[in-house]
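Presented below is the structure to which this report refers.
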Amino acid sequence: MKIPILKMEDILIVTIQSELTDREIEELSHDILDMINKVGAEGLIIDITALKVVDSFMARSLNAIANAATLLGSETVVVGIQPAVALTLVELGLRISWGVKTALNLEKGLEILRKKKDK
Amino acid sequence: MDEQTIEVRRDIDVILARNVGRKMANEIGFGELDQTRITTAISELARNIVIHANRGKVVIREIQKGDRRGIEVVCTDDGPGIEDIEAALRDGYTTAGGLGIGMTGAKRLMDEFHVESVVGVGTTVIVKKWLR
Ligand SMILES: Nc1ncnc2c1ncn2[C@@H]1O[C@H](COP(=O)(O)OP(=O)(O)O)[C@@H](O)[C@H]1O
Ligand SMILES: [Mg+2]
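One line per chain: the protein sequences are S and Y, in this order.
Residue numbering for the first sequence follows the numbering used here, beginning at 61 and increasing consecutively.
Residue numbering for the second sequence follows the numbering used here, beginning at 38 and increasing consecutively.
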């Protein structure tokens, strides 16, 4: 299943709509970075509102995408982490070293990226 | 009482095991947060089978002790086994470039955790969670 990557001005928005297999996550990572490179995006939002489970593999993948996107000059914000998922991730042992910027929802994520740009 | 077995070979089976686990946890009466904890623990342990052992199975069942009800997840494989179990139960320990929090995380998310592993024979991890 291909996950659509939307472009809004110079920000890319990826909405994950269902549980992804490890291979799909890897493919998505590659597609996102390719797209950033192609359109010169300066911001990336990954919306995981639909995910009811985020395990250490998914967490690590999101971290890797954010790090690689930064190297390509695109800041990443993960939005929509559900409350139960957030608490479970903390109990799982995900450390602050998980350096991904987060926001409650898409609007707040866009706000962060726009503020950054206006500076 | 209900019991289901999921053969685990590929990454897609991890999602299947997760879904079966969530459904059963829901039927037993666990709330959303505990369902998420249980499903996440299953995800970690099933993925360990795929990544570290290649193939195995996950058995999920309803359990009862006195008037307490709960869920039990048994993950078995006949993979390489774990050489240093003590190390594997330390946060951040990984032999495969992971985050190394799967085993310890599953232990924290569930009420009971038990691991048995013999090098060259395989690994069994059993976790349980009780309804409050
Ligand atoms: N089913 C298994 N078979 C063999 N080794 C395992 C198994 N599960 C876990 N391990 C070992 O324990 C280590 C820690 O597991 P875990 O905490 O899940 O971290 P990760 O999977 O990120 O490496 C693994 O790196 C691996 O060496
Ligand atoms: Mg693991």
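Here a beta-carbon is modelled for each residue, glycine too, at the ideal position from N, C-alpha and C.
On a predicted model such as this, the values are computed, not experimentally measured, just so you know.
Residue j beta carbon less than 7 Å from that of residue i
i	j	result
GLY107 of chain Y	LEU168 of chain Y	yes
GLY93 of chain Y	ASP114 of chain Y	yes
ASP39 of chain Y	GLU99 of chain Y	yes
VAL138 of chain S	VAL160 of chain S	yes
GLY116 of chain Y	ASN91 of chain Y	yes
LEU172 of chain Y	ALA78 of chain Y	As shown, chain Y starts at 38 and ends at 169. That puts residue 172 of chain Y outside it, with no answer to give.
ILE63 of chain S	MET95 of chain S	no
SER116 of chain S	GLY139 of chain Y	yes
First and last residue of the uninterrupted beta strand (DSSP E) at residue i
i	result
MET147 of chain Y	Unbroken run through MET147 of chain Y: none, as it is neither H nor E.
LYS179 of chain S	Taken as a continuous stretch (DSSP letters only), LYS179 of chain S belongs to no beta strand (DSSP E), as it is neither H nor E.
ILE65 of chain S	65 to 68
VAL164 of chain Y	159 to 167
THR162 of chain S	161 to 163
VAL45 of chain Y	40 to 45
Short CB-CB distance (under 7 Å) between residue i and chain Y
i	result
ALA128 of chain S	no
VAL137 of chain S	no
ASP202 of chain S	Because residue 202 of chain S is not part of the residues shown, which for chain S are 61 to 179, the question remains open.
Chain S within 7 Å of residue i, Cβ atoms only
i	result
THR77 of chain Y	yes
GLY93 of chain Y	no
ARG106 of chain Y	no
Can you list, in chain order, the stretches of the beta strand (DSSP E) that have 3 or more residues and sit fully within the region 71 to 97 of chain S?
Counting only runs of at least 3 residues, the region 71 to 97 of chain S fully encloses the following beta strand (DSSP E) elements, listed from N- to C-terminal order: 71 to 75.
Tell me the start and end of each unbroken alpha helix (DSSP H) in the region 104 to 157 of chain S that is at least 4 residues and wholly inside, in chain order.
116 to 131 and 143 to 152
Write down every uninterrupted run of the alpha helix (DSSP H) in the region 55 to 121 of chain Y whose length is 4 residues or greater and which is fully enclosed by it, in chain order.
69 to 85
When you compare the region 67 to 76 of chain S with the region 96 to 109 of chain S, are there three or more beta-carbon pairs, one atom per stretch, that lie closer than 8 Å?
yes
Can you confirm whether the region 39 to 53 of chain Y touches the region 156 to 164 of chain Y when touching is taken to mean that 3 or more C-beta pairs between the two stretches lie within less than 8 Å?
no
Below 8 Å, how does it come out for the region 125 to 139 of chain S and the region 169 to 176 of chain S: are there three or more Cβ pairs, yes or no?
Yes, the region 125 to 139 of chain S touches the region 169 to 176 of chain S.
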